[in-house]
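Asker: Handing you a structure now.
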Amino acid sequence: MFLEWRVDKEENDLLLRTFLRNKHISKQLLTAVKFSDDGKIEINGKEQNVLYQVKTGDEVRLTFPMEQKNERLLAEHTELEIVFEDDFLLIINKPAGMASIPSQYHPSGSVANFVKGHYEAQGLTSAIHIVTRLDRETSGLMLIAKNRFSHARLSTFLQQGLLKRRYQAFTSGVLTDQLGSIEAPIGRKAVSIMERFVTPEGKYAKTNYEVIERYDTFDHVAIQLETGRTHQIRVHFSYIGHPLIGDDMYGGDTTLLKRQALHSCHLHLIHPLTEEYLAFDLPLPKDMEEIIPKSK
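Residue numbers (full-length UniProt numbering): 1 to 296.
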């Protein structure tokens with residue numbers, strides 16, 4: 001994978017390392033290029049070091065070293081539902097029941113396995129860079145970076161609030177407020193690898209919500225996260241006495257649905273290379289949509 005730029009008039013005489021830093025090439029990425037066998041920094045087709053002073057009209061080409069693949073990750077092939085893909089991004093609609101990454105006891109059938117198979121079918125050697133992980137039973141939009149440059153930029157955008165997700169969920173009972181926030185620290189339970197709970201010793205977490213529609217036994221809620229703690233939405237609504245429908249880990253009723261009623265419905269971000277604003281929306285999946293009429 002490589003990136004190319006032409007030096008503009010206002011960039012004349014900049015040190016190459018400064019020029020590349022202005023193109024969002026981090027020190028870590030530049031070090032990886034400089035100290036690898038297959039990475040290259042070229043000006044007009046000739047290799048140069050980072051102390052070279054660029055000139056107006058120079059063609060700068062940065063070739064990244066081949067990424068180290070996880071050989072233990074099994075490549076599997078399935079028909080991924082791809083929402084968007086280019087050389088830098090892969091956005092999929094993840095179905096409920098599919099884990100984001102494999103585990104010790106479930107080494108196959110995850111998003112990472114299928115993305116590796118998808119890459120191999122394209123002849124790509126990139127590692128798997130999952131930017132927005134979803135729980136196994138959560139459905140919806142999931143973002144994967146296709147190279148280290150994209151991953152680094154998207155991680156920065158996430159920290160800066162330029163990459164946002166919104167969710168929809170069905171919460172049991174009737175929420176007191178139509179619009180509200182849940183602000184409570186979340187930590188891991190000592191007796192469980194997976195389960196989280198609200199604890200003063202936990203990390204700060206904040207969840208904003210708005211009720212879209214009310215039904216007999218649950219509310220249909222739109223959710224925006226201020227933080228990204230593991231199981232945050234599930235833990236917070238359970239904490240206030242309104243666990244998600246179907247979420248048996250956190251006290252949700254499984255009569256209507258056998259998985260947590262949580263869907264990643266919206267994603268917006270800045271493209272890591274072009275800096276174009278991108279936005280994606282998905283409707284509710286069939287299993288969530290189907291239980292609405294039964295509860296009116």
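Yeah, the Cβ is synthetic: ideal placement off N, Cα and C, and Gly gets one too.
Tell me residue 32's beta-bridge partners as DSSP assigns them.
Answerer: Bridge partners of residue 32: none, in fact.
Asker: When you compare only the Cα positions, how much space is there between residue 199 and residue 155?
Answerer: 27 Å
Asker: So for residue 194, helix, strand or coil by DSSP?
Answerer: In this structure, DSSP gives residue 194 a state outside helix and strand, which the three-state scheme calls coil.
Asker: Inspect the beta-carbon positions of residue 80 and residue 91 and report whether they are closer than 8 Å.
Answerer: no
Asker: Check residue 47 in the structure and name its three-state DSSP category.
Answerer: DSSP, reduced to helix, strand and coil, places residue 47 within a strand of the structure shown.
Asker: Can you list, in chain order, the residues of its chain with a C-beta nearer than 8 Å to that of residue 133? Leave out the 5 residues immediately preceding and following it.
Answerer: 100, 101 and 142
Asker: By the three-class DSSP mapping on this structure, what secondary structure does residue 142 have?
Answerer: strand
Asker: Can you tell me the Cα-Cα spacing of residue 277 and residue 191, whole angstroms?
Answerer: If you take the alpha carbons of residue 277 and residue 191, they lie about 43 Å apart.
Asker: So is residue 137 buried or exposed if we call it buried at 16+ other beta carbons inside 10 Å?
Answerer: buried
Asker: Leaving aside the five residues before and after residue 287 along the sequence, list all residues of the same chain whose C-beta is less than 6 Å from its C-beta, in chain order.
Answerer: none
Asker: Near residue 129, what residues of its chain come up, given a Cβ to Cβ distance below 8 Å and the 5 sequence neighbours on each side ignored?
Answerer: Around residue 129: 144, 145, 146, 147, 148, 150 and 151.
Asker: Tell me which residues share the same chain as residue 295 and place their Cβ nearer than 6 Å to its Cβ, disregarding the 5 neighbours each side in the sequence.
Answerer: Unreliable placement is indicated for residue 295, whose pLDDT of 48 sits below 50; the coordinate value is still reported in the next sentence. Correct list, in chain order: 215, 216 and 217.
Asker: Return the Cβ separation of residue 207 and residue 181 in integer angstroms, given the expectation that the two are a contact with Cβ distance under 8 Å.
Answerer: 7 Å
Asker: On the three-pair Cβ rule with 8 Å, is the region 63-82 touching the region 156-164?
Answerer: no
Asker: Count the other C-beta atoms from every protein chain shown that fall within 10 angstroms of the C-beta of residue 107, then say buried if there are 16 or more, exposed otherwise.
Answerer: exposed
Asker: Taking the continuous beta strand (DSSP E) assigned at residue 168, which residues delimit it?
Answerer: 164-172
Asker: Residue 244 and residue 262 look like a contact to me (Cβ under 8 Å); what is the Cβ gap, rounded to whole Å?
Answerer: 6 Å
Asker: State the start and end residues of the unbroken beta strand (DSSP E) segment that holds residue 204.
Answerer: Per DSSP, residue 204 belongs to no beta strand (DSSP E) and is neither H nor E.
Asker: Note the first and the last residue of the continuous alpha helix (DSSP H) segment covering residue 289.
Answerer: Note, residue 289: alpha helix (DSSP H), 286-290.
Asker: For the putative contact between residue 234 and residue 246, defined by C-beta atoms under 8 Å, what is the C-beta separation to the nearest angstrom?
Answerer: Contact flag wrong, Cβ pair sits at about 10 Å.
Asker: Closer than 8 Å by C-beta to residue 300: which residues in its own chain qualify, once you throw out the five before and the five after it? Chain order, please.
Answerer: In this structure the chain extends from 1 to 296, so residue 300 is not present and cannot be described.
Asker: Please identify the residue among 194, 54 and 45 whose C-alpha is closest to the C-alpha of residue 135.
Answerer: Residue 135 has its Cα closest to that of 194, out of 194, 54 and 45.
Asker: Where DSSP assigns a beta bridge to residue 211, which residues make up the other side?
Answerer: 221
Asker: What residue does the beta strand (DSSP E) around residue 63 start on, and which one ends it?
Answerer: 59-63
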